[in-house]
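Going by full-length UniProt numbering, the sequence shown opens with residue 1, and the numbers climb by one from there.
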Amino acid sequence: MLQKKRVAKKSISSAIALCTKLLPDHPCLRPIPNGSELIQNTLGLLKNGGSVSPALNSTDYIADRASDLSEILLLLGEIKGHIPRICYDTNGTRFTQKLFDYVKSVDELEFCAECFSDSIIPLCKDINGSHSVARLLAAARQSNFSDENGKVDAATEEKLSGIHKMLYKNFAENCVDVCRNRQGCCIIQKCLQWTPEPYFSMIIDTVLQNTLKLVNDPFGNYVVQFILDNEKELSQRGQSGQEATNYTNRTIRQMLHNVASLSCDKFSSNVIEKCLRTVSSDVRQLLVDELTDPQVLPKLLTDSYANYVIQTAIVTSSVESQFEQLRDSIMPLQNLLKNSPYGVKVEAKLARRQRASLRKQEHQKEQSRRGTAPSHFPEKNGAENVLTPQLLPGMHRIPALVGSEPLQQNTVAFSGITEEMTSVMTQPHYMPLMLQGQQALIGLQQGHSHQPFQVNIMKDTAMWGPQHSFTLFQQPKQRKTDR
């Protein structure tokens, strides 16, 4: 009915009469879901985009789209003193979010900023108020008032500068407190996306200077991770005319000499893993040096959080020297891994990385023999060529698991073994480098390709213990009757 009435009287504001009656009672209507919904629907009938507010009880003005009047300004003037109380309420925050959607002119936005400037920090930490703040910050983006070329006229830019000052002036000094709040950490991430200079640099500098406080916090660590994830975009938002800042390196600089202790924490361990994935190889080397310290590595391997950091370090070690450093530091701790519930995963990561390294080396040798430049060697699935002929002379392929039913034990077949070789019963022993779902060979020396040797097997993510025996056969396709 209200919409029909609005269409019938385009030149007279039909909705303002309703607002005139509702506004004095809005503190009562606001907490009630139906009353809040009624006011939200009324917002769409109000004239917006202007810079002048009509008189409250006046209904004889022209409210067409060409006029400079704004009924949104009238509404804001009536609720200005009630903004915090409205935003703290579940239904009230829906009303304010809807209100910001209808803010179109810089004058309307300026009035909104004035209403929120004194209470924006407490609202950031409220479960309902934070939604209103996020919507207001989105409405205050400069891109909302720019032309097709991304430019803003001088008058609008000056007003936006004042608006941004009202909204962001208190964030720098309260940044850490807001970051450590469940809702506040999300608002700070929005600020890092939308805040103009100089407030952007003030906020991000405060975050980076307090990295050690934030990475251990259940919510603050997400702000640090956000910076790491969006390094490229954020580094381009610094002061104009200056060289782009590497915020990832600045973050790591704050955590150096504390990497081991941070890796043992539930929240900061996620930040360390993120650093390992995103940094360059030379910066990653600084982290690997601290992780492989003999004084702390045994604790890291058995810690419920730090072991994931070690696994990530193995996977992300793009330089062979880093992987070798990790492998050579972990190998002497084989017995420690065997008794740890996380040891199997660490061993699996080492084996997978070792397998990739061997394949890459073999491919490079093949390219060198062919006289072509080395190229990136693609990953292969399956058990082929895991152990190369250079390591095991006479062995052409990795053994395949044949089965366990015929002999009531685990049967493994090998190719490249002479027919004169007799079946040998062995007992498997633990070894540090195991291949998940595949087999690995040890004990075969150069020049002794036809001797019996030990076999260690890892299948279905679990070690086969010493109580399991198996038999070595010549060929994978031997008939059961020949066995």
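Here a beta-carbon is modelled for each residue, glycine too, at the ideal position from N, C-alpha and C.
Residue i, buried or exposed, once every other Cβ within 10 Å from all chains shown has been counted against 16
i	result
Ile72	buried
Arg182	exposed
Asp153	exposed
Thr411	Unreliable placement is indicated for Thr411, whose pLDDT of 43 sits below 50; no coordinate value is reported for it.
Met331	exposed
Asn210	buried
Arg180	buried
Val224	buried
Leu301	buried
Leu212	exposed
Ser368	exposed
Ile127	exposed
Arg284	buried
Glu366	exposed
Glu148	exposed
Identity of the residue in the options nearest residue i by Cα
i	options	result
Lys349	Phe323, Leu214, Thr96	Phe323
Asp303	Pro341, Tyr168, Leu43	Pro341
Gly220	Leu276, Lys125, Asn335, Val279	Lys125
Thr248	Asp265, Val259, Arg237, Ile227	Ile227
Arg237	Lys159, Ile204, Gln254	Ile204
Asp320	Pro218, Arg355, Glu290, Ser132	Reading off the sequence, residue 320 comes out as Glu, not Asp. Taking only the C-alpha atoms, the option nearest Glu320 is Arg355.
Glu233	Arg284, Phe200, Val207	Phe200
Ile163	Gln189, Pro196, Ile187, Gly150	Pro196
Pro198	Lys165, Thr245, Leu214	Lys165
Leu46	Ser36, Glu37, Ser70	Ser70
Range of the contiguous alpha helix (DSSP H) that encloses residue i
i	result
Leu350	343-370
Lys274	268-278
Pro122	120-124
Gln295	Premise fails: Gln295 is in no alpha helix (DSSP H) and is neither H nor E.
Asn249	247-255
Arg327	320-330
Ser263	259-263
His131	129-139
Tyr222	220-229
Gln311	306-316
Phe145	Looking at the DSSP string, Phe145 is not in any alpha helix (DSSP H), and its letter there is neither H nor E.
Gln334	334-338
Thr96	90-101
Asp205	199-209
Within 8 Å, strictly: CB atoms of residue i and residue j
i	j	result
Tyr88	Gly129	yes
residue 485	Asn170	Residue 485 is absent from the structure shown; the chain starts at 1 and stops at 483.
Arg135	Trp194	no
Val309	Ser261	no
Leu287	Cys275	yes
Asn216	Phe267	yes
Tyr222	Asp265	no
Ser132	Thr93	yes
Ile86	Ser119	no
Val106	Lys159	yes
Leu167	Leu137	yes
Glu290	Val271	no
Arg370	Ile314	no
Close Cβ partners of residue i (< 6 Å) along its chain, the five nearest in sequence each way excluded
i	result
Thr316	Leu276, Arg277
Ser281	Ser318, Val319
Gly184	Cys124, Lys125, Val178
Lys98	Gln40, Leu43
Asp460	Low confidence applies here, because Asp460 scores a pLDDT of 37, under 50, leaving its location unreliable; read the following figure in that light. Nothing meets the Cβ criterion.
Thr312	Glu273, Leu276
Asn174	Ile121
Own chain, CB closer than 7 Å to residue i, minus 5 neighbours either side, in chain order
i	result
Ala139	Phe100, Val103, Leu109
Leu76	Phe111, Cys112, Cys115
Gln325	Val288, Thr292
Met202	Ala172
Pro218	Phe267
Phe145	Val106, Val152, Thr156, Leu160
Gln189	Val223, Phe226
Lys80	Cys115
Ile187	Cys124, Ser130, Val133, Ala134, Val178
Nonlocal neighbours in the same chain, by C-beta distance under 8 Å from residue i, ignoring five residues either side
i	result
Leu336	Pro298, Leu301, Thr302, Gly343
Ser329	Thr292, Pro294, Leu297
Val279	Thr248, Asn249, Ile252, Leu287
Ser235	Ala244, Thr245, Asn246, Tyr247
Gly150	Ser143
Gln254	Leu208, Gln209, Thr211, Leu212
Asn307	Leu300, Leu301, Ser340, Tyr342, Lys345, Val346
Leu214	Val176, Cys179, Arg180, Val207, Gly220, Asn221, Val223, Val224
Closer than 7 Å: residue i CB and nearest the ligand COA heavy atom
i	result
Pro218	This structure lacks the ligand COA; in fact it carries no ligand of any kind.
Chain C contact for residue i (CB, 8 Å cutoff)
i	result
Ala138	The structure shown contains no chain C, having only a single protein chain.
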